[in-house]
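Student: Please see the structure below; I have some questions.
See the structure below:
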């Protein structure tokens, strides 16, 4: 896959790329005829004189062959020059050997720089730009002819369909009129569609014998693609070569005349094709230029104050490739601009947009299964994915290895967390209050929903979660209830914050040092020194070496504060907890907060050491613990620990699971986003057998986890996830402790910038915390200026209050990151 | 797409189908060589004598060409008989004309029955069955040779890759070694993968000039497929034909000897291929035979009491096609059995499993976009889908037409309902209690989560939903809270039923009549006659003619009871409501309850007439309404009305939206399941502008609907949904009022069965309510017997308590439904 985006893609002009369903289907002949027809056919008049000479009011035509092989005289652009001399025809890269470019290119050693995918696409893009920007009217037609079939290799070995994908030019497919041509044409079409190309037309020779057109015309009509059958019977093809070159040329010219203008016996002619392409082009441009305003009129965006978005500011995305969106802006109607996806499309992207391997994986499972129901059943991708995530295979990447035994599938991070909470709360209740199991089951539900202001006829229960301030677990009510009150929940009538959230120590790099701070709350009453930062460390590597820090005085402080807080919450405030819920290492939506992992480690340790507290049931409490079971079933101790790794997991932050940073595994963990390759929704909740066993204490259905979604474990999502994990496995993206894809020197340098509270880089994330005068969280607009500055450089990021972050995929080329670093340096240090 | 499933698919034997990347790539030569090698290569010994004669310990070989054209002497099976005389070779369907089967078949008129897709696949299936069941060892190899390329047309015009998909035989692809062969081979491979085939190997001729193998070998290795290059340089192909037929045969035999056994210069030989196919086969069988137990060991099923499912009872699904799963059962290890998907895979299926149009649509959007973030942005499939659902296009199917203005995207029915509830509750609060807006916004959040047993520092609010008993809206806490307490919520600690649920009148056909009953609760105190059914109607058509029934006495009763109930709830019980929530027409998960649509219509009308009640704020109440706005903003009156059409919408019940049955539109509605073609998760919440406007009362972000999912409006889901709607549009599946796909006479007949409380058929659903002795709901096992009986006929359904239902897709062939009806008749009426 070409990980590059040419800087400008022209769209105002009639650009067409020509792919062949096979070699030898007549690509050059059709290209030449198209070029002739474009120049002959006036755009506004229906009268066309029967000539091959350019006519006023038609298009001026340019033609390019990006790569060509073979003796110089056979070059397709020479053919073009001969029969369409008014056309500006060019070949960008020529190999003399008459063999496939991937063989020709390496005849004399390694692949030359100019033959690399990036070079070719960049060069073609620049060429197209030059050709279209020098003409300041809209009457230009550009034809790009590819070599061989759709998957014929470029010099690098990439298929041409993949090579040219960054430009996503409107496409004409030359079908095959030969025996077997129905099959090759359909397959070539599918390969192009799978790569997201728009197919504007299929052209093929009239062939009396095989009549492929009579099959393909209705076939493609059903798919919205028009087929043009050209040339005259019996084969439609050009006359066979004449030894007399002048006569040959004359016969060929006569042939082109017939092809372009048609004969009374022709089904269609090339003028029809050109008119059709113009219409397609105009319609596409109309769709694209109105896309933003139509979205503005009809959709309801997530997390968006519509009143703040004028129609013209909508980012209309025509397509995406690698790290870039191809966007259309009304302010620049002549082009489609590549905009860097600097938030990894809401933290989902990891191998780049539009990756053909993921598209094929999705199609494979769609073709094999579609979707099949999951309860009591098994589909292969779902079972394989479960085994892989649990570490039952030999693969390196297995976030559940060593602790998890079960995979529950759902649709997104929020539902994965709802599942996790149901698992954890019920496990706690069944262990610490076994009577709840039977009482719930035998309770009569006859007066349900009848008491005024009642809670549906049930006594309120007070099981809460223990969590950290700044956490965010999703938008459904259960997931929201596990988070502290915030701007997200302010206007949600049914939100009830069901928990206690401790203020966590956070980390930031400031003036070259890693600083750990904490808000001065009751939780930190045991802190020995209340002035200044909690600690200062020399490097991120040191900060993330949790094992080494376990014996520091800071760890002792953490443990002391935590024991005291828990004692207070349970014994004084009489709270009852059902789960410990954490976003390990980084709290994402809460503001990209980097939590001291040592603190999270100590929190897990302390909670697991205090089954005595969590098992307490009778209030008021004495020091003696009640008689209920505290450690039965083993497996989990204290409280079930939930890691919400929806954001952080699977190498967003340089590790598959934060367990490897914290040095301690959870009882339940959630993954999503990257899991399904940034393509479609899928999430998993992993759980240990100790949790799972709670749900088959009997064989009664009511004791089971009665949760599920229609598309639970949908094969398409699971197959895409398997392919994603396979690609991650190949990349081996493990970073060293505290490492990131960003340049450490630049990060350090930026940490000295004025107007900055701190900076952090970990894995693919670069976070800039801007100084504010009091405002914080989503409500703040302090970062708008930096976001706007990046936007002028075509980098799209979304701020989180006073925080601006840039996030890449794992395949982002270094050059793209270096450019971003350089822009940030200029912006912040000047 | 072939909507048929051959009744038994053999799996124990080495079955291989042979597809060509193009015509003329050597399919018959390779098939013959494979057949020879299979018979020569012993399965357990590595020593193979250099001969073409069958060897002990090797496989007995059968070969079949399903369709062939051309003069009888050229038949591929003749070639096989000549060079591999020990092979049982057969052609099932032969056309004399040497042209493509789709042309040959209709030379003399319409397509003969035996040339229809169904006939061919059935015949092939039967043939394979005979061939493999008569041999009672496992040493049989079967080769199925296709004609032309992967998409070469069958007699019907279907591509062969589509035609043979129901059998999903393991596949060998013959690659092309010609110029352009890299492209055609890759494209053919992608077309096969997109249809869910397993490609076991790619074979191609050694060709010195083009060296396609040196490109394709690593390419396919990366995709887990092995390439075998066969024959000797320069072209690998058979010797050219000799005029002397005896010499020709000798040369050909010598060629086969070399192909099978190799020469010192060969890269590989056919024995290697056969050994590889055997390994692939054994591995696939091992994977499939352990699939059930591996799922049993590693996954956590939704809605499933694991203690009740022994490992052997897991339904291992190898693939699915049309209406059928291809399942593997340890009790029948020699075959893969087609099982009818009688619950439409949890109500999601509508065009059948594994539909190639949906697979291609998914791949197209994956290739064009992958996923791109949505807030403030626009991708084309999402915008087009929104316009279509809202009725902004000329399409017939548009559930939002006439009332909805906005589409909010999310992932499943449950999240769609969470969104709907947030929309509705906040709209109500902002209209009836505007002070809540500012007070929430300005509230200090400094002591968040600090008070023991507090609700996160906020005063509890009491906005509830008004709903119906038996409703079910999803599994996330917010969606659950909108449902009455039930077995689903019994063990969910955080569940709080936040609403009042009226007992609704339900309908069932019993002894030929449609009967309307209601539970005797307080809500029905105004009912004039408390004995017997509420009403009896002559037909379903009459029952669903809501407009005609509006003037009946029953409608008056409904209205009177509803007014009285609302008065009581608000004035006496002092409840405060935020939304009316309905599953129109049928309550799905609650037990497939058919609610009297007249009652739901009256409920909506009455709620909309009583803004006076819902606007009341100060308690205790006087008769005078308080001063707050009641009808400002217009658009919605009384309460926002939410239709949860996740189950019922988009033709599950014969209509696109229940609005057409009830005769009244909602303010908010949810769709999912069928929406995305039964392929991947996607849901939408439609809303009117009156609802939408509530969320931009200011330009402050906090007033917006702060909800969203990472994959909001993912292009793949939206594109699949567009394709699904397109297919529905073509089918025009509108049923007459109260109509269904089931035979009305059979339904009527079944309604007289003993042991049945009632029966209902609507749209694609056939519901059988079994008589029970008191037990009800999910807890009941009364229906297990009927489910088991259907299972013995390979029909898979899932009971809902004492209810058994069968649900088909819209493309299910009539023969499949007739068979089910016949089984049910036998089962219930005998």
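Protein chains in written order, with the UniProt record's numbering: chain A, 1 to 830; chain B, 1 to 830. By construction, the Cβ of each residue, glycine as well, lies at the ideal position given by its N, Cα and C atoms.
I need the straight-line Cα distance from residue 832 of chain B to residue 750 of chain B, nearest angstrom please.
Tutor: Absent from the model: residue 832 of chain B. The displayed extent of chain B is 1 to 830, so no value can be given.
Student: Please state whether the Cβ-Cβ distance between residue 603 of chain B and residue 562 of chain B is less than 8 Å.
Tutor: Indexing the second chain from 1 puts residue 603 of chain B at position 603. Indexing the second chain from 1 puts residue 562 of chain B at position 562. Yes, they are a contact pair.
Student: Which term fits residue 422 of chain B, buried or exposed, when burial requires 16 or more other beta carbons within 10 angstroms of its beta carbon?
Tutor: For the purposes of this step, residue 422 of chain B is taken as the residue at position 422 of the second chain. Residue 422 of chain B is buried by the Cβ-count criterion.
Student: Looking at chain A, is there any beta carbon in it that lies within less than 8 Å of the beta carbon of residue 379 of chain B?
Tutor: Translated into positions along the second chain, residue 379 of chain B becomes position 379. Chain A, which has a Cβ nearer than 8 Å to the Cβ of residue 379 of chain B, makes this yes.
Student: Checking contacts by CB at 8 Å: is residue 391 of chain B closer than that to chain A?
Tutor: Position 391 of the second chain holds residue 391 of chain B. No, residue 391 of chain B lies away from the interface with chain A (no Cβ there is under 8 Å from its Cβ).
Student: Residues of chain A with a CB under 9 Å from the CB of residue 312 of chain B: which are they?
Tutor: For this step, residue 312 of chain B is matched to residue 312 along the second chain. Near residue 312 of chain B there are no residues of chain A at all, since even the closest Cβ is about 12 Å away, more than 9 Å.
Student: How big is the Cα-Cα spacing for residue 674 of chain A and residue 13 of chain A?
Tutor: Position 674 of the first chain, counted from the first residue, corresponds to residue 674 of chain A. Position 13 of the first chain, counted from the first residue, corresponds to residue 13 of chain A. For residue 674 of chain A and residue 13 of chain A, the distance between alpha carbons rounds to 37 Å.
Student: With DSSP run on the structure shown, which of helix, strand or coil describes residue 432 of chain A?
Tutor: As a first step, residue 432 of chain A is located in the first chain; it is residue number 432 there, counting from the start. Correct three-state label for residue 432 of chain A: helix.
Student: What runs of the beta strand (DSSP E), each 3 residues or longer, lie entirely inside the segment 170-249 of chain A?
Tutor: With a minimum length of 3 residues, the continuous beta strand (DSSP E) runs that stay inside the segment 170-249 of chain A are 171-174, 199-205, 226-230.
Student: I think residue 686 of chain B touches residue 672 of chain B, with their Cβ atoms under 8 Å apart; what is that distance to the nearest whole Å?
Tutor: Taking the second chain and counting its residues from 1, one reaches residue 686 of chain B at position 686. Taking the second chain and counting its residues from 1, one reaches residue 672 of chain B at position 672. About 12 Å separates the two Cβ atoms, so there is no contact after all.
Student: Starting from the beta carbon of residue 372 of chain A, find every residue of chain B whose beta carbon is closer than 8 Å, and list them in chain order.
Tutor: If you number the first chain from 1, residue 372 of chain A lands on position 372. Neighbours of residue 372 of chain A on chain B, chain order: 317, 320, 325, 341, 345, 353.
Student: In whole angstroms, what is the alpha-carbon distance linking residue 495 of chain B and residue 465 of chain B?
Tutor: Within the second chain, the letter at position 495 stands for residue 495 of chain B. Within the second chain, the letter at position 465 stands for residue 465 of chain B. Distance between the alpha carbons of residue 495 of chain B and residue 465 of chain B: 14 Å.
Student: If contact is defined by three or more beta carbon pairs under 8 Å, each pair taking one atom from either stretch, is the segment 81-89 of chain B in contact with the segment 115-125 of chain B?
Tutor: Because the criterion of three Cβ pairs below 8 Å is not met, the segment 115-125 of chain B and the segment 81-89 of chain B do not touch.
Student: Checking contacts by CB at 8 Å: is residue 408 of chain B closer than that to chain A?
Tutor: Along the second chain, read from residue 1 onward, the residue named residue 408 of chain B stands at position 408. Cβ-Cβ to chain A under 8 Å: yes for residue 408 of chain B.
Student: Can you grab the Cα-Cα spacing for the pair residue 814 of chain A / residue 762 of chain A, in whole Å?
Tutor: Sequence index remark: in the first chain, residue 814 of chain A carries index 814 (1-based). Sequence index remark: in the first chain, residue 762 of chain A carries index 762 (1-based). Their backbone Cα atoms lie some 16 Å apart in a straight line.
Student: Using the beta-carbon of each residue, which ones in chain B are nearer than 7 Å to residue 578 of chain A?
Tutor: For the purposes of this step, residue 578 of chain A is taken as the residue at position 578 of the first chain. Those are 493, listed as they occur along chain B.
Student: Mind listing the chain B neighbours of residue 505 of chain A? Cutoff is C-beta to C-beta under 9 Å, in chain order.
Tutor: For the purposes of this step, residue 505 of chain A is identified with residue 505 of the first chain, where counting begins at 1. Neighbours of residue 505 of chain A on chain B: none; closest Cβ ~18 Å, over 9 Å.
Student: Does the beta-carbon of residue 239 of chain A have 16 or more other beta-carbons within 10 angstroms, so that it is buried, or is it exposed?
Tutor: Indexing the first chain from 1 puts residue 239 of chain A at position 239. Result: exposed.
Student: So what's residue 763 of chain A in DSSP terms, helix, strand or just coil?
Tutor: Translated into the one-based positions of the first chain, residue 763 of chain A becomes position 763. Residue state, collapsed to three classes: strand.
Student: Got a sec: is the Cβ-Cβ distance from residue 516 of chain B to anything in chain A below 8 Å?
Tutor: Against the second chain, residue 516 of chain B aligns to sequence position 516. It does not: the Cβ of residue 516 of chain B has no partner Cβ on chain A nearer than 8 Å.
Student: Return the chain-ordered list of same chain residues with a C-beta closer than 7 Å to the C-beta of residue 500 of chain B, the five sequence neighbours on each side being excluded.
Tutor: Here the question's residue 500 of chain B lines up with position 500 in the second chain. Within the same chain, residue 500 of chain B has close Cβ partners 464, 466, 569, 575.
Student: Thinking residue 571 of chain B and residue 606 of chain B are a contact (beta carbons under 8 Å), I'd like their distance in whole angstroms, please.
Tutor: Residue 571 of chain B sits at position 571 when you count from the first residue of the second chain. Residue 606 of chain B sits at position 606 when you count from the first residue of the second chain. Rounded, the Cβ-Cβ distance is 15 Å, inconsistent with contact.
Student: Could you check which residue in A:191, A:419, A:332, A:292 has the C-alpha nearest to that of residue 491 of chain B?
Tutor: By 1-based counting over the second chain, the position of residue 491 of chain B is 491. Ranking A:191, A:419, A:332, A:292 by Cα distance to residue 491 of chain B puts A:419 first.
Student: Flag residue 328 of chain A as yes when its Cβ comes closer than 7 Å to any non-hydrogen atom of the ligand FAD, and as no otherwise.
Tutor: Ligands displayed in this structure: none; no statement on the ligand FAD is therefore possible.
Student: Could you spell out the range, first to last residue, of the alpha helix (DSSP H) harbouring residue 501 of chain B?
Tutor: Counting from 1 along the second chain, the entry for residue 501 of chain B is found at position 501. No alpha helix (DSSP H) contains residue 501 of chain B, which is instead part of the beta strand (DSSP E) from 499-502.
Student: According to DSSP, is residue 757 of chain B helix, strand or coil?
Tutor: Walking along the second chain from the start, residue 757 of chain B turns up at place 757. Strand.
Student: DSSP on residue 644 of chain A, reduced to helix/strand/coil?
Tutor: Here the question's residue 644 of chain A lines up with position 644 in the first chain. Residue 644 of chain A: strand per DSSP, three-state reduction.
Student: From B:539, B:225, B:297, pick the residue whose C-alpha is nearest to that of residue 313 of chain B; which is it?
Tutor: For the purposes of this step, residue 313 of chain B is identified with residue 313 of the second chain, where counting begins at 1. Measuring from the Cα of residue 313 of chain B, the nearest candidate turns out to be B:297.
Student: With 8 Å set as the bound, which would you pick, yes or no: does the beta-carbon of residue 752 of chain A sit closer than that to a beta-carbon of chain B?
Tutor: Counting from one through the first chain, the residue named residue 752 of chain A turns up at place 752. Judged by the 8 Å Cβ criterion, residue 752 of chain A is not in contact with chain B.
Student: If you reduce the DSSP assignment to three classes, tell me which class residue 723 of chain B lands in.
Tutor: For the purposes of this step, residue 723 of chain B is taken as residue 723 along the second chain, with counting starting at 1. Residue 723 of chain B falls in the helix class under three-state DSSP.
Student: At 4 residues or longer, and completely inside the segment 483-554 of chain A: list those alpha helix (DSSP H) runs for me, N to C.
Tutor: Correct list: 540-543, 546-549.
Student: From the DSSP output, which residues share a beta bridge with residue 671 of chain B?
Tutor: As a working mapping, residue 671 of chain B is identified with position 671 in the second chain. Paired residues: B:684.
Student: Buried or exposed for residue 131 of chain A, please, with buried defined as at least 16 other CB atoms from any protein chain shown within 10 angstroms of its CB.
Tutor: Position 131 of the first chain, counted from the first residue, corresponds to residue 131 of chain A. That one is buried.
Student: By how many angstroms is the C-alpha of residue 139 of chain A removed from the C-alpha of residue 35 of chain A?
Tutor: Start at 1 with the first residue of the first chain, and residue 35 of chain A comes out as number 35. Start at 1 with the first residue of the first chain, and residue 139 of chain A comes out as number 139. Using only the alpha carbons, I get a separation of about 13 Å.
Student: Taking 8 Å as the CB-CB limit, is residue 285 of chain A close to chain B?
Tutor: One-based indexing of the first chain puts residue 285 of chain A at position 285. No, because no Cβ of chain B sits closer than 8 Å to the Cβ of residue 285 of chain A.
Student: Assuming residue 190 of chain A contacts residue 194 of chain B (C-beta within less than 8 Å), just tell me the rounded distance between them.
Tutor: Reading the first chain from its first residue, position 190 is the one you call residue 190 of chain A. Reading the second chain from its first residue, position 194 is the one you call residue 194 of chain B. With 8 Å as the limit, residue 190 of chain A and residue 194 of chain B qualify as a contact, their Cβ atoms being about 6 Å apart.
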